[in-house]
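Under the numbering used here, the first residue of the first sequence is numbered 29, with each subsequent residue one higher.
Written below as structure tokens is the structure these notes are about.
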Amino acid sequence: MTSPRARWRAVGRAGGGIRLGEIDAAGRLRDERDARAADLAAEVAADPEARWVWSDTGSWYPQLLAAGVRVARCHDLRLCHAILRSSVLVGDDASTLREATAWDEPPPEPDGRGQALFDLDGSAAGVPHDLREVAAEFARQNAALEGASEPARLRLLLAAESAGALVAAEMHAAGVPWSRGVHDGILTQALGPRPRTGELPARLAALAEEVRAALGDAGASLDSQPRLLRSLHRAGVFVDSTSRWELARHEHPVVAPLLAYKKAMRLLTANGWAWMDEWIPRDRFRPVYVPGGVVTGRWASSGGGALQLPRLLRPAVRADPGWRLVVADVAQLEPRILAAMAGDLALADAARGTDLYAGIVSRGILPTRQDAKMALLGAMYGATTGDSGRLVPVLRRAYPRAMGLVDAAARTGESGGVVRTVLGRSSPRPSEAWRDVQSGASDEGADERTAAAARSFARERGRFTRNFIVQGTAAEWALAWLADVRTRLAALPSATSGSPADGVADRAHLAFFLHDEIIVHTPEEQVDAAVAAVRDAAATAGRLLFGGFPIDFRLDLRVSESADKD
DNA sequence: CGGGGCGGCGCG
DNA sequence: AAAGCGCGCCGCCCCG
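Rendered as structure tokens:
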């Protein structure tokens, strides 16, 4: 993946301008030179194979992308700092990193105009952008890696994390191709035609009237939970909450229209016409991704709700004319990750070539696919009661290695310890408050309530660390997949016709990523190559994390129909 | 009037 | 009304 001759180059601020130079692992800079903001894109474009060291991808890359310049690889100091400073693989060698607190600043708020850094006077809060500080931090990180117990894993993680940051910026720039027309059609179907601002769509208004009629209360408020609860009680529906789960258990004429109303209202407020106008300019959805935004290493998002697009709206994702979408998601990613991490050959065998849950059923472990799914999710989440919790012991007998791994992670968390993913991302230490509660409960004379609360907090943390190792390693696999897809797509030729794009989107490109799913937008003539890239990258990711362990990562993959016709 | 908590629900 | 992890966002409601 990496050209052996690629050079590390650093870019940062100096004085009132921008300065760049070659950099080595010790943070020594050579061939430094100043660059005006207007020239930076040209400087970067002139060295397409360089590996760029910079403070924060979100502060530098959007402007380059806007100028049509893509970089092959980077080292995002902010993201890498966060990983190294808390990794148990680094240990005490991270002490200097922990002292460099300026690097713990959260990412700057993206302003959406992609001008922030170049116009700054350098006084703004956030991570340091000064080239000297960039070089010093790069040196600290390399020193921490030198002393790490498994540097190769960490290096892989840092590369994947940084590549993810590039992908996030590129996907924001390219956007998800989105048909406002299809979106509007879905809304109209579900809610009625778009009303004037301030008015309720017709179908929603009709549902509200149905609900009020069923309640026998013409003035019932449906949007205030406390008031709705009282109306329901007056009508004889004795629920403790107004959640879908609880309402659905009651036989009453109000239930069906109320559930329909809540569903429709949710669609209107979360992804209705106002959302469409704000987030889908010119038939592109441009969410703001936040790489490393979750402690487990998953991405978060800010604005637009990129990670919660309702499936109902999926048909609005439409390739441009002459282009196609390659949509791929990994079947049962987390259980497969667990099997591989634990070296559990029996679970890996159940996963081979099939739906993993079906594999568990066909081996006679559990009677139905639903049981298998519930049991496995329960094992990874720490369920102890209910259908799920009841089935976990069955898995414990069938797959002692896999279950032993998550059980051990839970015990570590309950006792205040730190767990880590395969590549070395580590869980946060327990908070001061958590430790106080635990030590308070073991003091002499602690009452039973205190002890019970401490046990409850301990188990809560155990469920978190239990899940952390699996969710976090799955996030690493997905990053490796994503990064390799990116590299493979970049090698494809640009579109011969119908290019929609500005910047990097003149050829097959990643358009969307959601934990275990990616969408590639590709010219028709490159569909086969894009599919191969997605498949080959999945195989590569598995080998990168788990070597020769016989686990396969099955993709559910489909290519969109020709988009030019409805 | 803005901020934060809460209930609720969308996603994996 | 969750049981059982991780998120973001909405409207309501209360508080200062």
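Each residue gets a CB set at the ideal place from its N, CA and C atoms; glycine is no exception.
Here the structure is a predicted model, which is why all the values come from computation and not from measurement.
Beta carbon of residue i nearer than 9 angstroms to that of residue j
i    : j    : result
I546 : L510 : yes
V355 : R582 : no
Y427 : A359 : no
H549 : L538 : yes
L62  : R47  : In the sequence on display, residue 62 carries Asp and not Leu. Yes, the Cβ-Cβ distance between D62 and R47 is below 9 angstroms.
L340 : P363 : no
F496 : A368 : no
S190 : H103 : yes
S83  : G44  : no
A263 : G244 : yes
R272 : L287 : yes
I51  : A38  : yes
S588 : L353 : yes
E60  : L159 : yes
R326 : A187 : no
V562 : V532 : no
G55  : A167 : yes
A536 : A567 : no
A78  : R106 : no
A438 : A370 : no
P90  : H200 : yes
M408 : L361 : no
R494 : I111 : no
P229 : A292 : yes
E198 : R312 : no
L219 : R231 : yes
V81  : W36  : yes
For residue i, the residue or residues it bridges with in DSSP
i    : result
L57  : I51
S537 : The sequence shown places His at residue 537, rather than the Ser named in the question. H537 is bridged to H549.
I46  : R41, A63
F313 : V204
V318 : A328
Unbroken beta strand (DSSP E) run spanning residue i, endpoints
i    : result
T550 : 545-551
D104 : 101-104
A38  : 36-42
W80  : 79-82
V587 : 583-587
Residue i - containing alpha helix (DSSP H), residue span
i    : result
A356 : Unbroken run through A356 is the beta strand (DSSP E), 351-358; no alpha helix (DSSP H).
V210 : 208-219
G119 : Neither: G119 is in no alpha helix (DSSP H) and is coded neither H nor E.
E174 : 159-174
Q554 : Element bounds for Q554: n/a, residue is neither H nor E.
V239 : 230-243
Y289 : 283-299
P76  : That residue, P76, is in no alpha helix (DSSP H); it is neither H nor E in DSSP.
A261 : One detail in the question is off: residue 261 reads as His in this sequence, not Ala. Element bounds for H261: 253-262.
Y89  : 85-94
R272 : 272-275
Every unbroken alpha helix (DSSP H) inside the region 441-511 [4 residues or more]: 460-470
Taking one C-beta from the region 178-195 and one from the region 302-309 each time, how about it: are there three or more such pairs within less than 8 angstroms? no
Minimum length 4: unbroken alpha helix (DSSP H) runs contained in the region 322-381: 361-370, 373-379
Three CB pairs or more closer than 8 angstroms across the region 566-582 and the region 374-384: yes
Segment contact, 8 angstroms Cβ cut-off, at least three pairs: the region 391-409 with the region 450-469: no
Across the region 206-216 and the region 337-345, are there enough close Cβ pairs to call them in contact, namely three or more that are closer than 8 angstroms? yes
Determine contact between the region 193-201 and the region 111-118, defined as no fewer than three beta-carbon pairs at a distance below 8 angstroms. no
Given 8 angstroms as the limit, is there contact between the region 407-422 and the region 465-484, that is, 3 or more CB pairs closer than that? no
Is the region 310-319 in contact with the region 329-336, if contact means three or more CB pairs nearer than 8 angstroms? yes
Can you give, in chain order, each stretch of the alpha helix (DSSP H) that sits fully within the region 374-422 and has at least 4 residues? 384-390, 397-409
Say whether the region 426-442 touches the region 481-491, bearing in mind that this needs 3 or more beta-carbon pairs closer than 8 angstroms, one atom from each stretch. yes
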